[in-house]
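Trainee: In the working numbering, the protein residues as written are 50 to 495.
Note that the Cβ used here is the ideal one computed from N, Cα and C, for glycine as well.
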Amino acid sequence: MTQHLTFPPGFVWGAATASYQIEGAWQAGGKGESIWDRFSHTHGKIEDGHTGDAACDHYHLWPRDVALMQDLGLHAYRFSIAWPRILPTGRGAVNAAGLDFYDQLVDGLLAAGIQPYATLYHWDLPQALQDLGGWTNRDVAHWFADYADIVSRRLGDRIQHWITHNEPWVVAFMGEWLGVHAPGNRDLRRALAASHHLLVSHGLALEPLRANAGPAARLGITLNLTAVYPASDRSGDEAAAQRQDGFINRWFLDPLYRGRYPDDMLALFEGQMAEPQANDMALISRPFDFLGVNYYTRSVCKAARNGLLQIDTVQQPGEHTEMGWEVYPEGLYDLLTRVQRDYAPASIYITENGAAYADTVNGEGQVRDTRREVYLYEHFIQAQRAIAAGVPLHGYFVWSLMDNFEWSFGYNKRFGLIYIDYATQARTIKQSGLWYSQVTRQNGLA
Ligand code: FCB
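In structure tokens, the structure reads:
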């Protein structure tokens, strides 16, 4: 790899994780049950019956993990806070041990010179709130704001970057419509109600976060966005691509940045979604500081006759990751420049990008994951191009710091810069991690 990579001074290089995927200790320290505990304990939901019960045992091993982050030269670490560790039943009594855990983690990060970026909701809703309807119950939006208040009162003096939600599209549609994520429902009305309440909760939470973390704090939300292309220039395929863009990208970007849902999608969902309450759209489009973008692959669409959306996604030739996702780095450039053109966020972070490959430790104790290194390198080049084109991209978080529980795939997909031996909890920095430590230290590649 010869091409030079240079990023603007102050560009933030980090790595990301999420509580349920790494912490384990599912019942330790007073934690309550989450919907992912319940879902993974339900027979047949997760490949090979895996659960997050132990995961990477980060709850106990976090000092070791912070030391590894230092080895990687990370400037920043994006992690999520488990709501049921803070409030075991979602509201009411606060669990002091839960707050203490994150308090110590944040102090450990700061002592190591690593900036904490905290996500408040990365999918582990307290089960007690699911029993009340979960995100389909509008009250949950208010309980989320109360939880944001409690956490930011304690940590707002030290955490300067807050992300309300991770990928509300996945929460609402994979959890409530497609049934493959917790809580595992298959009901479009529920999904649409959930997606609206997730956005309302984002707007509500901005207020306590701002009050507790102060005017210098930066508040954002992370969306899973995809670069969408029509499979051909036939008008049917172009319309299918337009619907896919509406469903995944504009359904969240339009309310957040324009205070309205896209008309074409409202027409498609006609009769399935309740009218928003009077003040909702103003609440949802309250100003916030940065957009977090999670990008993995593109979506090539053609018209189909089946399903509500009438879209088929077309498998492309060429390189794919272990998830079956096409490697398409140019999509990152296309997506970032498009978001900038249409929505003009003040600041953007790539809050996740990375690849799963079937890694193994060789006889010398090394993990030679050249394909991951190439994947990241090619995406960094596209990020650099986007910056040159005027996109206010300020940081990049690789998914993931370490191998972890990949939702319905269990431990069968490895995304880490660090390899985890789940039997021993031994950690090994992969070749890609060693390479990334040069990028973080040189702010690119000399
Ligand atoms: C994203 C999730 C993250 C991880 C990656 C592979 O959708 O936010 O937790 O599972 O995909």
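Alpha helix (DSSP H) containing Asn261: first to last residue?
Mentor: Your numbering for residue 261 matches position 212 in the sequence shown. Segment Leu237 to Ala262, the alpha helix (DSSP H) holding Asn261.
Trainee: Would you check if the region 446 to 456 and the region 469 to 484 touch, i.e. whether three or more CB-CB distances between them fall below 8 Å?
Mentor: They touch, by the three-pair rule.
Trainee: According to DSSP, what are the bridge partners of Trp211?
Mentor: To locate residue 211, count along the sequence shown from 1; it is residue 162. Note: Trp211 sits in a beta bridge opposite Ala167 and Leu268.
Trainee: Assess, as a yes-or-no matter, whether the region 75 to 84 is touched by the region 213 to 221 under the definition of 3 or more beta carbon pairs within less than 8 Å.
Mentor: No, the region 213 to 221 does not touch the region 75 to 84.
Trainee: Cutting at 7 Å between CB atoms, please list the residues of its own chain near Leu247, excluding the five before and the five after it.
Mentor: As a first step, residue 247 is located in the sequence shown; it is residue number 198 there, counting from the start. Counting only Cβ-Cβ distances below 7 Å, and skipping sequence neighbours, we find Trp184, His214, Pro217, Val220 and Ala221.
Trainee: Name the two residues that bound the continuous alpha helix (DSSP H) containing Pro133.
Mentor: By 1-based counting over the sequence shown, the position of residue 133 is 84. Per DSSP, Pro133 belongs to the alpha helix (DSSP H) from Trp132 to Ile135.
Trainee: Excluding the five sequence neighbours on either side, which residues of its own chain have a C-beta within less than 6 Å of the C-beta of Arg203, listed in chain order?
Mentor: One-based indexing of the sequence shown puts residue 203 at position 154. These residues qualify, in order along the chain: Leu148.
Trainee: Count the C-beta pairs between the region 57 to 68 and the region 482 to 492 that are closer than 8 Å, then say yes if the count reaches three, no if not.
Mentor: These segments touch.
Trainee: Mind checking whether Val26 and Thr362 have CB atoms under 8 Å apart?
Mentor: Limits of the chain in this structure are 50 at one end and 495 at the other, which puts residue 26 out of reach.
Trainee: Any chance the CB of Gln176 is under 7 Å from a heavy atom of the ligand FCB?
Mentor: Position 127 of the sequence shown holds residue 176. Because no heavy atom of the ligand FCB lies under 7 Å away, the Cβ of Gln176 does not count as near it: no.
Trainee: What does the alpha-carbon distance come out to for the pair Asp313 and Leu358?
Mentor: As a position in the sequence shown, residue 313 is number 264, starting the count at 1. As a position in the sequence shown, residue 358 is number 309, starting the count at 1. Going from the Cα of Asp313 to the Cα of Leu358 covers about 11 Å.
Trainee: I'd like to know whether the C-beta atoms of Asn144 and Leu136 end up nearer to each other than 8 Å.
Mentor: In the sequence shown, counting from the first residue as 1, residue 144 sits at position 95. In the sequence shown, counting from the first residue as 1, residue 136 sits at position 87. Yes.
Trainee: What three-state label does DSSP hand Ala160 in the structure shown?
Mentor: In the sequence shown, counting from the first residue as 1, residue 160 sits at position 111. Helix, per DSSP.
Trainee: Excluding the 5 residues flanking Glu96 on each side, which residues of the same chain have their C-beta closer than 8 Å to its C-beta?
Mentor: Here residue 96 refers to the residue found at position 47 of the sequence shown. Around Glu96: Ser457, Phe458, Gly459 and Asn461.
Trainee: Is the Cβ-Cβ distance between Asp173 and Trp85 less than 8 Å?
Mentor: In the sequence shown, counting from the first residue as 1, residue 173 sits at position 124. In the sequence shown, counting from the first residue as 1, residue 85 sits at position 36. Yes, Cβ-Cβ distance for Asp173 and Trp85 is below 8 Å.
Trainee: Kindly indicate which three-state DSSP category Ser5 falls into: helix, strand or coil?
Mentor: Since the first and last residues shown for the chain are 50 and 495, residue 5 lies out of range.
Trainee: With a CB to CB cut of under 7 Å and the five nearest residues on each side skipped, what residues in its chain are close to Ile360?
Mentor: Indexing the sequence shown from 1 puts residue 360 at position 311. Once the five neighbours on either side are set aside, the close Cβ partners of Ile360 are Ala289, Arg292, Gln293, Cys350 and Ala353.
Trainee: Between Phe150 and the ligand FCB, is there a pair consisting of the residue's CB and a ligand heavy atom that are separated by less than 7 Å?
Mentor: In the sequence shown, counting from the first residue as 1, residue 150 sits at position 101. No, Cβ of Phe150 sits at least 7 Å from all heavy atoms of the ligand FCB.
Trainee: Between which two residues does the beta strand (DSSP E) holding Tyr445 run?
Mentor: The residue given as residue 445 occupies position 396 in the sequence shown. From DSSP, the beta strand (DSSP E) with Tyr445 extends over Leu442 to Trp448.
Trainee: By the three-class DSSP mapping on this structure, what secondary structure does Trp456 have?
Mentor: The residue you call residue 456 lines up with position 407 of the sequence shown. Reduced to three states, the DSSP call for Trp456 is helix.
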